[in-house]
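Trainee: The following block contains the structure, expressed as structure tokens.
Number of protein chains: 2
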Amino acid sequence: MAATIHDIAKRSKVSLATVSRVINNAPHVSEKLKQKVETAIKELNYIPSAYARVLSKNQSNIIGVMIPEITNPFFGEIITGITEVADAEGFNVLLVNTDENVEKEARSIRILREYRIRGLISTPVTGDNKYDRQYVNLFENMNIPIVLMDRGIKNGDFDGIYFDDETALFKITSTLIENGHSDIVMLIGIPHHIVSQRRVRGYGDAFEANNLSYDKKNLIPCEFSIDSAYSVIKKLIQDNDLPTAIIGMTNMLSMGCLKALYEYGVSIPRNISFAGYDRLEIHDVLNMNLTLAEKDAVEMGRKAAALMIDKLSGKSVPNKTILMPELFIRGSEKFPEKTLP
Amino acid sequence: MAATIHDIAKRSKVSLATVSRVINNAPHVSEKLKQKVETAIKELNYIPSAYARVLSKNQSNIIGVMIPEITNPFFGEIITGITEVADAEGFNVLLVNTDENVEKEARSIRILREYRIRGLISTPVTGDNKYDRQYVNLFENMNIPIVLMDRGIKNGDFDGIYFDDETALFKITSTLIENGHSDIVMLIGIPHHIVSQRRVRGYGDAFEANNLSYDKKNLIPCEFSIDSAYSVIKKLIQDNDLPTAIIGMTNMLSMGCLKALYEYGVSIPRNISFAGYDRLEIHDVLNMNLTLAEKDAVEMGRKAAALMIDKLSGKSVPNKTILMPELFIRGSEKFPEKTLP
DNA sequence: TTGAAAGCGCTAACAT
DNA sequence: ATGTTAGCGCTTTCAA
Chain A
57 MAATIHDIAK
67 RSKVSLATVS
77 RVINNAPHVS
87 EKLKQKVETA
97 IKELNYIPSA
107 YARVLSKNQS
117 NIIGVMIPEI
127 TNPFFGEIIT
137 GITEVADAEG
147 FNVLLVNTDE
157 NVEKEARSIR
167 ILREYRIRGL
177 ISTPVTGDNK
187 YDRQYVNLFE
197 NMNIPIVLMD
207 RGIKNGDFDG
217 IYFDDETALF
227 KITSTLIENG
237 HSDIVMLIGI
247 PHHIVSQRRV
257 RGYGDAFEAN
267 NLSYDKKNLI
277 PCEFSIDSAY
287 SVIKKLIQDN
297 DLPTAIIGMT
307 NMLSMGCLKA
317 LYEYGVSIPR
327 NISFAGYDRL
337 EIHDVLNMNL
347 TLAEKDAVEM
357 GRKAAALMID
367 KLSGKSVPNK
377 TILMPELFIR
387 GSEKFPEKTL
397 P
Chain B
57 MAATIHDIAK
67 RSKVSLATVS
77 RVINNAPHVS
87 EKLKQKVETA
97 IKELNYIPSA
107 YARVLSKNQS
117 NIIGVMIPEI
127 TNPFFGEIIT
137 GITEVADAEG
147 FNVLLVNTDE
157 NVEKEARSIR
167 ILREYRIRGL
177 ISTPVTGDNK
187 YDRQYVNLFE
197 NMNIPIVLMD
207 RGIKNGDFDG
217 IYFDDETALF
227 KITSTLIENG
237 HSDIVMLIGI
247 PHHIVSQRRV
257 RGYGDAFEAN
267 NLSYDKKNLI
277 PCEFSIDSAY
287 SVIKKLIQDN
297 DLPTAIIGMT
307 NMLSMGCLKA
317 LYEYGVSIPR
327 NISFAGYDRL
337 EIHDVLNMNL
347 TLAEKDAVEM
357 GRKAAALMID
367 KLSGKSVPNK
377 TILMPELFIR
387 GSEKFPEKTL
397 P
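Chains A and B supply the protein sequences, listed in that same order.
The numbering used here puts the first residue of the first sequence at 57, with every later residue one more than the last.
The numbering used here puts the first residue of the second sequence at 57, with every later residue one more than the last.
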């Protein structure tokens, strides 16, 4: 098996305590012994056991990170931001993926607890009311600092970093209204999900602020996936039921909408207008002149990790940071010249 | 702190051994005691410590996964495949990201060793000859099963799952040649990097097989990034130096090329032809009729995890699996009607 | 400056 | 079927 502190002690003829001091750069070791120990460490290719260390110190240095969709670039960027800060502060990150699945979430939390994480940074699956109370309990039982990202828990009050989804959708919708739109379709995912509720409110408020009302049929439920959004828009096209504008409420929903529109040759903004929420890699690459309210996910990750580290060092001021997405007007919001037949 | 096995034993008035048996579903526990213990576990919200368990068993159940680019969807899919299999087999995954950086790689390996991983699944940064020997030593010193993905190590001989890059590029290039091309630019990244070498060979072999020779200037070095590829192609456009066809040798390089072409209105395949290696989300979404040799990265992840688990269970047959990417001919390979001015 | 020894939470061999 | 106990590899008093 791997070398242990005993092997090092024996080979360098010092005590365990001295070896431990050398490993941890602790004071009170003579240069001579230090050299001997370091030589032995190299020769035996020794690496301390995280397990023994945690056990004896009764404390890990792991921050748990739980995200719902590892292949979504939004979360990829968040992870980048978190690890950047955690690395710099000497914390390890244990990453678990829940696939938007409550059972996987429960299993993931168990694993994180087995590893005695110091704090949890999470975008919980919740949003389905049924599980809310349960998760609030789960989190509170963990008795460690919690930082939520992007989504709150309905019946809980947790610190975290959020985006102002409501204002973002208000701005997006207002922009479209100012361009003459009132027939604006928005795919809203699962209606009672926490992700959709604030955004729908922003949408509605924009109409209200302009003394307009909207057709409730324009808020169309679907799954939060590219495929589902694609199917919905495809059907609108086939039924000749397209509005004058579409809002992509999340990056995945935007991609599904665009996929259908492109497949059927519905051109933006010649035949239909479009505005979306969150960045889109396809836009970054192809410069499609899409009007987008963009979120800085890397920054969200950094802020979440920084907040966690504050909490772990006792600076435990309550903190809910609201980040404001930036709206880029690029042309796709313009009223269409002529809608398709 | 968290409850321990002692707390459970005390509360349910049994011995530590009995609690341990219940936790591990071991035999020889009466139903009555089992109930008592389970009740106490629930009441105290007890979760066993991974650290104590690993320490006493002298063995972790962690598979280390080291990848170089967490935001690259290719690796995102690989992770999905690995965790799918690892979860099913009861292994935990510790994921580290090296950012294609040798120092981060070294630090990551140290962390993985601290956590006493049972095996390592990795796409090493290597490719720079300078570090090869060093990594071979590092890996061999770890004394655990190693499974490499996608890239080998030049001076080492490790089991793993690879794609047949050479044949893929041979097919891609041949397809273009058959369509009348001979002026074919390929961005090759860093020339001595292991990622480019086999692919360049496939490119060259296709010319040879057709009794043609190619202009060495058409193999253009760059960084392995969207931005770098973008700059190179942009310069070709501005210098009015475009070939009749471009090959995107990786997904990132493809995106950079496409970005520049789209920005300058160079249309595919009207003004220039294109063929690429690896899937492209922008293509999946927008159906750009790109001819692509596509890799199944999720499958690579599954196979890597399965191979690792075989090794861990002693079925240690040497195994280098070569996956064949599938070539989809979609039209972008056709010879351009007219190249731009 | 150095070392001895107790203890962290669990498993497993052994005893009852 | 149940309990006792000796480690696992490290840290941390406390003594010397």
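Positions of the beta carbon are idealized from the N, C-alpha and C atoms, including for glycine.
Pick from Ser-116(A), Asn-101(A), Glu-133(A): whose alpha carbon is nearest that of Arg-358(A)?
Mentor: Translated into the one-based positions of the first sequence, residue 358(A) becomes position 302. Per the Cα distances, Glu-133(A).
Trainee: Residues of the segment 298-327 of chain B with a CB closer than 9 Å to any CB of chain A: list them in chain order, please.
Mentor: Within the segment 298-327 of chain B, the residues whose Cβ lies closer than 9 Å to some Cβ of chain A are Met-311, Gly-312, Leu-314, Lys-315, Tyr-318, Glu-319, listed in chain order.
Trainee: Taking the DSSP output, what are the residues bridged to Met-242(A)?
Mentor: Against the first sequence, residue 242(A) aligns to sequence position 186. Answer is Leu-275(A), Ile-303(A).
Trainee: Find out if the Cβ-Cβ distance for the pair Met-305(A), Ile-119(A) is shorter than 8 Å.
Mentor: The residue given as residue 305(A) occupies position 249 in the first sequence. The residue given as residue 119(A) occupies position 63 in the first sequence. Against a cut-off of 8 Å, the Cβ pair of Ile-119(A) and Met-305(A) comes out as no contact.
Trainee: Name the chain B residues whose beta carbon is nearer than 9 Å to that of Ile-338(A)?
Mentor: As a working note, residue 338(A) is residue 282 in the first sequence. Going along chain B in sequence order, the residues near Ile-338(A) (Cβ under 9 Å) are Glu-337, Ile-338, Val-341, Leu-342.
Trainee: Assuming Gly-260(B) is part of the alpha helix (DSSP H), what are its boundary residues?
Mentor: Residue numbering aside, residue 260(B) sits at position 204 when the second sequence is read from its first letter. Where Gly-260(B) is concerned, the enclosing alpha helix (DSSP H) stretches over 250-265.
Trainee: Since Val-256(A) and Leu-275(A) are thought to touch, with beta carbons under 8 Å apart, how far apart are those beta carbons, to the nearest angstrom?
Mentor: The residue given as residue 256(A) occupies position 200 in the first sequence. The residue given as residue 275(A) occupies position 219 in the first sequence. About 6 Å separates the two Cβ atoms, so the contact holds.
Trainee: CA-CA distance, Thr-74(B) and Pro-129(B)?
Mentor: Against the second sequence, residue 74(B) aligns to sequence position 18. Against the second sequence, residue 129(B) aligns to sequence position 73. Between Thr-74(B) and Pro-129(B), the C-alpha separation is close to 47 Å.
Trainee: Leu-111(B) versus chain A: which residues are under 8 Å apart at the beta carbon?
Mentor: For the purposes of this step, residue 111(B) is identified with residue 55 of the second sequence, where counting begins at 1. Simply Ser-105, Tyr-107, Ala-108, Leu-111.
Trainee: Would you tell me roughly how many angstroms separate the C-alpha atoms of Ile-233(A) and Arg-169(A), rounded to the nearest one?
Mentor: Here residue 233(A) refers to the residue found at position 177 when the first sequence is read from its first residue. Here residue 169(A) refers to the residue found at position 113 when the first sequence is read from its first residue. The alpha-carbon atoms of Ile-233(A) and Arg-169(A) are separated by roughly 49 Å.
Trainee: Compute the Euclidean distance between the alpha carbons of Lys-351(B) and Leu-151(A), then round it to the nearest angstrom.
Mentor: Looking up residue 351(B) in the second sequence gives position 295. Looking up residue 151(A) in the first sequence gives position 95. Whole-angstrom Cα-Cα distance: 26 Å.
Trainee: Evaluate contact between the segment 201-218 of chain A and the segment 369-381 of chain A, counting only Cβ atoms and requiring at least three cross-stretch pairs below 8 Å.
Mentor: Output reads yes: the segment 369-381 of chain A touches the segment 201-218 of chain A.
Trainee: Mind the definition here: the segment 104-119 of chain A touches the segment 163-179 of chain B only if three or more C-beta pairs lie below 8 Å; say whether that holds.
Mentor: Short answer: they touch.
Trainee: Provide the residue span of the alpha helix (DSSP H) that contains Met-356(A), from first to last.
Mentor: Walking along the first sequence from the start, residue 356(A) turns up at place 300. Its alpha helix (DSSP H) spans residues 353-368.
Trainee: Going by DSSP, name the residue or residues bridged to Gly-120(B).
Mentor: Against the second sequence, residue 120(B) aligns to sequence position 64. According to DSSP, Gly-120(B) bridges with Leu-150(B), Leu-176(B).
Trainee: Express the C-alpha separation of Tyr-191(A) and Asn-101(B) in angstroms, rounding to a whole number.
Mentor: For the purposes of this step, residue 101(B) is identified with residue 45 of the second sequence, where counting begins at 1. For the purposes of this step, residue 191(A) is identified with residue 135 of the first sequence, where counting begins at 1. Each residue's alpha carbon lies about 14 Å from the other.
Trainee: If the cut-off is 7 Å on Cβ atoms, which residues from the segment 128-149 of chain B count as contacting chain A, listed in chain order?
Mentor: Under the 7 Å Cβ criterion, the segment 128-149 of chain B contributes Pro-129, Gly-132, Glu-133, Ile-135, Thr-136, Thr-139, Asn-148.
Trainee: Which residues in chain A sit within 7 Å of Asn-101(B), going by Cβ to Cβ distance?
Mentor: To locate residue 101(B), count along the second sequence from 1; it is residue 45. The contacting residues are Asn-197.
Trainee: Closest to Ile-240(B) by C-alpha separation, out of Leu-298(B), Asn-114(B), Glu-393(B), would be which residue?
Mentor: As a working note, residue 240(B) is residue 184 in the second sequence. Closest by alpha carbon: Leu-298(B).
Trainee: Counting only beta-carbon atoms, is Tyr-171(B) nearer than 8 Å to chain A?
Mentor: Locating residue 171(B) in the second sequence gives position 115, counting from the first residue. So, interface residue.
Trainee: For Val-203(A), report the span of its alpha helix (DSSP H) as first-last.
Mentor: As a working note, residue 203(A) is residue 147 in the first sequence. Where Val-203(A) is concerned, there is no enclosing alpha helix (DSSP H), although the beta strand (DSSP E) it sits in stretches over 202-205.
Trainee: So does the segment 274-290 of chain B actually touch the segment 245-255 of chain B, counting three or more Cβ pairs closer than 8 Å?
Mentor: Judged by Cβ distances under 8 Å, the segment 274-290 of chain B makes contact with the segment 245-255 of chain B, as three or more pairs qualify.
Trainee: With a cut-off of 8 Å, does the C-beta of Ala-28(B) fall near any C-beta of chain A?
Mentor: Chain B is shown only over 57 to 397; residue 28(B) falls outside these bounds and no answer can be derived.
Trainee: Which chain A residues sit within Cβ distance under 7 Å of Arg-166(B)?
Mentor: In the second sequence, residue 166(B) corresponds to position 110, counting from 1. Simply Ile-103.
Trainee: Classify Asn-349(A) as helix, strand or coil using the three-state DSSP reduction.
Mentor: For the purposes of this step, residue 349(A) is identified with residue 293 of the first sequence, where counting begins at 1. The question names Asn, but residue 349(A) is Ala in the sequence shown. If DSSP states are grouped into helix, strand and coil, Ala-349(A) belongs with the strands.
Trainee: Should Ile-289(A) be flagged as near chain B, meaning a C-beta pair shorter than 8 Å?
Mentor: For this step, residue 289(A) is matched to residue 233 along the first sequence. No, no contact with chain B.
Trainee: Beta-carbon within less than 6 Å of Tyr-320(B)'s beta-carbon, same chain only, minus the 5 sequence neighbours each way: which residues are those?
Mentor: Taking the second sequence and counting its residues from 1, one reaches residue 320(B) at position 264. Here the set comprises Ile-293.
Trainee: Suppose the cutoff is 6 Å on Cβ atoms and the five residues either side in sequence are ignored; what does the same chain contact list for Phe-229(B) look like?
Mentor: Counted from its first residue, the second sequence places residue 229(B) at position 173. Checking the displayed sequence, the identity of residue 229(B) turns out to be Thr instead of Phe. If we look at Thr-229(B) and ignore the five residues flanking it on each side, its Cβ neighbours are Tyr-259, Ala-262.
Trainee: Distance cutoff 8 Å, beta carbons only. Does Asn-345(A) sit that close to anything in chain B?
Mentor: Within the first sequence, the letter at position 289 stands for residue 345(A). Judged by the 8 Å Cβ criterion, Asn-345(A) is not in contact with chain B.
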